[in-house]
Structure formats: structure tokens, C-alpha cells
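Numbers given in this note's numbering equal positions in the sequence shown, counted from 1, plus 10.
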Amino acid sequence: MSSLLERKRKAVIVGAGPVGCLAALALAKHGWNVEIYEGRPDLRLPSSKVASQQRSINLAISHRGITALEAVNPAAARRFLQDAIPMRGRMIHTLSGELDSQTYDRDRQCINSIDRALLNEGLLDEASASSDVQILFNHKVTAVDFDHKFITVQDNTMDYSQEYIKDEYIELKMPAGRNVDGQPVFLLDPHHLHIWPRHSFMLIALPNKDRSFTCTLFAPISVLDGLRTPEAIISWFHRYFPDALRAIGEKVLVNDFMKNPRCPLICTKSSPYHYKDRAILLGDAAHSMVPFYGQGLNCGLEDVRVLSALLAQKGVAAATPGDVATSINDVDERLASALSYYSENRHQDLVAICDLAMDNYVEMRHSYQFAQTHLAALAGPT
Ligand code: FAD
């Protein structure tokens with residue numbers, strides 16, 4: 011009995027996204043031995059960078075995500091934040107080009123634009139550096155038998171309830187401008203999240219460190235289907251986003267629009283999140299949400315913080331070498347109890363934030379009454 015307990019507990023994580031990596035680091039901190047199976051190649055390899063179709067270039071990380079990163083690895087959290095650009099408010103762009111800055115917080119709290127790949131790569135570096143974490147890339151998990159602790163891996167799909175919304179998104183680059191000395195400059199205020207609300211669709215832009223912006227156009231599939239030619243794309247942008255079109259430039263716009271993938275928006279809800287003492291779903295696997303609240307990843311990182319605290323609280327982490335007074339069954343029971351508690355108590359919060367994210371799409375698209383007024387004027391009398 012004691013020799014079993016002297017071996018480290020082993021955890022298998024499916025997916026080396028940011029949440030999987032942070033979970034691996036948290037479990038390793040609790041004394042577990044962790045294997046991560048990732049279906050894709052290592053995204054740090056130059057060949058992966060070219061092929062990679064990450065879901066967005068940058069994303070907003072908030073207090074929720076930062077607290078979770080700090081709880082597991084404060085030094086890494088500080089490093090990530092050094093590369094982030096604080097956005098202190100949102101900037102609404104009306105059709106006529108007026109700007110309305112709306113500060114997020116009186117006390118200057120903000121969200122932070124961070125390069126998604128840098129964050130994921132940083133977390134992969136941290137996980138790879140841990141002697142208790144092994145990452146197997148190009149290993150897609152195709153089946154799991156939780157009762158017999160058996161995983162089937164394909165060297166080189168989990169189907170369940172997912173809702174596709176009727177809109178898709180496409181990413182477009184707004185290149186940096188140049189000042190008189192030829193240095194790159196931001197074409198918009200970098201300390202805002204820029205929004206062009208246009209009722210049934212919208213454009214947003216987040217700043218990047220190289221002084222470009224990544225713009226994301228969210229629109230119904232039927233609208234995007236109508237934008238197939240350079241002429242149609244330019245004329246549509248000219249009509250609805252004239253200031254953004256000037257900043258992006260017609261050539262860049264058409265090139266990105268025709269080349270970049272159109273991506274679906276998926277909303278996942280599941281319950282419970284665990285299976286006995288064997289498995290737990292974290293991050294997007296448990297609760298992918300539409301990105302309009304900017305909280306998908308933040309919530310996934312928070313899952314790790316919450317679970318990690320529960321493992322410590324329920325004494326699961328204590329079952330490491332030397333803890334000979336505890337039987338394996340005791341530890342399995344504590345683990346089952348921690349996972350069950352997580353499922354029951356986390357569900358309400360996750361459902362709430364998924365719903366808030368969906369509601370915020372409506373709010374963001376309509377967030378400036380002028381937009382509607384101008385659209386009505388454009389449409390002419392009915
Ligand atoms: P992922 O990043 O999806 O990683 C999962 C990993 O698992 C992948 O590498 C995948 O290859 C691997 N995998 C999957 N299945 C298997 C398998 N069977 N076997 C092996 N490996 C597998 N969130 C925010 O907090 N702020 C934002 O501003 C924000 N903006 C967004 C903008 C857009 C346009 C979109 C689409 C999303 C945005 N999000 C944002 C949400 C955020 O991207 C996700 O919540 C986050 O990436 C989830 O991280 P994850 O690690 O759970 O999953």
C-alpha cells in the first residue's frame with residue numbers, strides 16, 4: 011500500500027491550449043505527474059506557425075484570468091502582462107466617424123490585449139520546463155474508457171452538445187501607420203477596444219505590440235456570403251466602416267477578406283463536468299462561449315484556479331510521497347468528492363457567463379444609438 015502511495019498520482023490532460031497547460035502546471039504543483047496529449051503539432055515550431063489557424067490573433071485578458079495565472083505561476087503571469095496592452099475603455103466608432111470613449115472603470119482597472127500565440131507558447135514553455143509534465147504533440151485522443159483508465163490515441167473527436175450561432179467571424183489586419191521618421195505608429199488609440207456597432211453586424215479592433223490592430227468582423231452568414239468579390243467587399247466597407255476602411259487600406263482588406271478563413275462561433279454547455287474520480291472537463295471543452303464578453307479564456311483559466319484550490323482543500327494534493335497514513339481509496343474518494351463539488355458549484359457561474367456573453371453581442375452591436383439612427387437614414391424611408 012505504501013509503495014503505491016509513494017508513486018506520484020498521474021493525470022492525463024487532453025489539449026495543450028492555454029487551459030490545458032495551466033491545469034498541467036497546477037497539478038504538477040500539487041505533486042502530480044502529468045501527461046498532455048495534443049492533437050496538433052507543437053505551435054512553437056516554425057512550420058506550425060505558418061500552418062496555424064488560431065482562433066484569434068489576440069484576446070483580452072482580464073482580472074479573472076490574471077488572478078488564475080498568478081495563483082499557479084506569479085512570475086509567468088508578470089511576464090505575460092509585460093507583453094500586453096492595457097485597454098482602459100471601449101471606443102465606439104459611429105458611421106459618420108465620430109468617436110465616443112467609454113471608460114471601463116473609474117479606478118482605471120482595465121482589460122489587456124495579449125497575443126494569443128505568445129500566451130499559449132509561454133504556457134507551453136512553462137509546462138515543458140517542468141520535470142513533472144510531459145507533452146505529446148500530434149497525439150489526438152479518440153476514445154477514453156474512464157472506468158478502466160484506458161485512453162486511445164491516434165498518432166497524428168469528442169462529440170457532444172454544441173450550438174453554432176448564425177453568425178461567423180473573419181479576422182482582418184489594420185497595419186501600423188508610419189510617423190515622419192518612418193517609425194510604426196498606431197492608427198487608432200491603442201488603449202481602447204474599438205467597436206463599430208452596426209445593428210446586425212459589427213467590427214471590433216484590438217491593439218498588437220507591433221502597432222497594428224487585429225480587427226474582427228462578426229456578421230450573419232448571409233451577409234458574408236454576399237461579399238465574394240473585391241468590388242463588393244470595398245463597397246460594403248465603404249458604406250458601413252468608412253474610417254476603418256481608410257485605416258486598413260483597400261488592398262490589405264481585400265487580400266485578408268478573400269484569404270482568411272471564415273470561422274463559426276460555437277457555444278458549448280455541459281453538466282456535470284466530471285466523471286467519478288476519473289475525469290473533469292475544463293476550459294472551452296466544458297463551456298466554449300461566444301467571444302463578446304471577452305471571458306472565454308479568462309473563465310477557463312479560472313476553472314484551473316478553482317479546481318486547484320479544491321484539490322488542496324479536500325486534501326487530494328496531500329496524497330504525495332510520504333503520506334503513508336492515507337489509503338489509495340481515501341484519496342480516490344477525496345478526488346471524487348472534489349470533482350463532484352466542482353461540477354455542482356461551478357455550473358451556475360459558467361452558465362451565467364455563457365448567457366452574458368451571448369447577451370453582450372446584442373449590446374455591443376447596438377451600443378451606440380447613433381448607429382441605428384444612421385443606418386435607418388442609409389436605408390431610406392421604408
Ligand atoms: P483551446 O485553446 O481550444 O485549446 C484546446 C486544445 O486541445 C487545442 O490545442 C486542440 O488542438 C486540442 N485538442 C482538442 N481535442 C483534442 C483531442 N481529441 N486530442 C488531443 N488534443 C485535442 N477569450 C477571452 O478570455 N478573451 C477574449 O478576448 C477572447 N476573444 C476571442 C475571440 C474569438 C474570435 C474567439 C473565437 C474566442 C475568443 N476567446 C476569448 C475565447 C478563447 O479563445 C477560448 O476560451 C480559449 O482559447 C480556450 O482555451 P482552451 O485551452 O480551453 O481551449
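No residue lacks a Cβ here, since even glycine has one placed at the ideal position from N, Cα and C.
Quick caveat, the model's predicted, so the values are computed rather than measured.
Note to self: Please state whether the Cβ-Cβ distance between residue 28 and residue 311 is less than 9 Å.
What the structure shows: Here residue 28 refers to the residue found at position 18 of the sequence shown. Here residue 311 refers to the residue found at position 301 of the sequence shown. Yes. Within cutoff.
Check: What's the gap between the Cα of residue 25 and the Cα of residue 47?
Finding: Numbered from 1 along the sequence shown, position 15 holds the residue referred to as residue 25. Numbered from 1 along the sequence shown, position 37 holds the residue referred to as residue 47. So the alpha carbons of these two residues sit roughly 6 Å apart.
Note to self: Closest to residue 140 by C-alpha separation, out of 36, 256, 270, 266, would be which residue?
What the structure shows: Numbered from its first residue, the sequence shown carries residue 140 at position 130. Comparing Cα positions, the closest option is 36.
Note to self: Measuring only from the beta carbon, is residue 182 closer than 8 Å to any heavy atom that is part of the ligand FAD?
What the structure shows: For this step, residue 182 is matched to residue 172 along the sequence shown. Result no, Cβ not under 8 Å from the ligand FAD.
Note to self: Strictly by DSSP, which residues pair up with residue 123?
What the structure shows: Sequence index remark: in the sequence shown, residue 123 carries index 113 (1-based). 70, 95.
Next item on the list: Buried or exposed for residue 261, please, with buried defined as at least 16 other CB atoms from any protein chain shown within 10 angstroms of its CB.
Entry: Taking the first residue of the sequence shown as 1, we reach residue 261 at position 251. When all chains shown are included, residue 261 counts as exposed.
Notebook entry, point to check: What three-state label does DSSP hand residue 220 in the structure shown?
Noted result: Translated into positions along the sequence shown, residue 220 becomes position 210. Residue 220 falls in the coil class under three-state DSSP.
Item checked: Residue environment, residue 19, which counts as buried when at least 16 other CB atoms sit within 10 Å -> For the purposes of this step, residue 19 is taken as the residue at position 9 of the sequence shown. Buried.
Notebook entry, point to check: Is any heavy atom of the ligand FAD found at a distance shorter than 8 Å from the C-beta of residue 277?
Noted result: Taking the sequence shown and counting its residues from 1, one reaches residue 277 at position 267. Not under cutoff, so the answer is no.
Note to self: Tell me the residue span of the beta strand (DSSP E) that contains residue 252.
What the structure shows: Translated into positions along the sequence shown, residue 252 becomes position 242. Run containing residue 252: none in the beta strand (DSSP E); it sits in the alpha helix (DSSP H), 252–258.
Note to self: Assuming residue 369 and residue 275 are in contact, meaning their beta carbons sit under 8 Å apart, how far apart are those beta carbons, in whole angstroms?
What the structure shows: Reading the sequence shown from its first residue, position 359 is the one you call residue 369. Reading the sequence shown from its first residue, position 265 is the one you call residue 275. 14 Å between Cβ atoms; not a contact.
Next item on the list: Check the Cβ-Cβ distances between residue 79 and every residue of chain B, and say whether any is below 9 Å.
Entry: You won't find chain B in this structure, because it holds only one protein chain.
Note to self: Less than 8 Å between C-beta atoms, sequence neighbours within five positions excluded: which residues of the same chain meet that for residue 202?
What the structure shows: Locating residue 202 in the sequence shown gives position 192, where the first residue counts as 1. These residues qualify, in order along the chain: 97, 98, 99, 100, 101, 111.
Next item on the list: For residue 283, count neighbouring C-beta atoms within 10 Å of its own C-beta (all shown protein chains included) and say buried if the count is 16 or more, exposed if not.
Entry: Taking the sequence shown and counting its residues from 1, the one referred to as residue 283 is at position 273. With 16 or more other Cβ atoms within 10 Å, it is buried.
Margin query: Less than 8 Å separating the Cβ of residue 72 from some heavy atom of the ligand FAD?
Written below: The count along the sequence shown starts at 1 and reaches residue 72 at position 62. Checking the Cβ of residue 72 against the ligand FAD gives yes.
Margin query: I'd like to know whether the C-beta atoms of residue 375 and residue 210 end up nearer to each other than 9 Å.
Written below: As a first step, residue 375 must be located in the sequence shown, where it is residue number 365. As a first step, residue 210 must be located in the sequence shown, where it is residue number 200. Cβ atoms of residue 375 and residue 210: closer than 9 Å.
Margin query: Could you check whether the Cβ of residue 187 sits closer than 8 Å to any heavy atom belonging to the ligand FAD?
Written below: By 1-based counting over the sequence shown, the position of residue 187 is 177. The answer is no for residue 187.
Margin query: Just to confirm my understanding: we take residue 228, look at its own chain, exclude 5 residues before and 5 after, and list those with CB closer than 7 Å. What are they?
Written below: Within the sequence shown, numbered from 1, the residue matching residue 228 stands at position 218. Counting only Cβ-Cβ distances below 7 Å, and skipping sequence neighbours, we find 177, 179, 211, 212.
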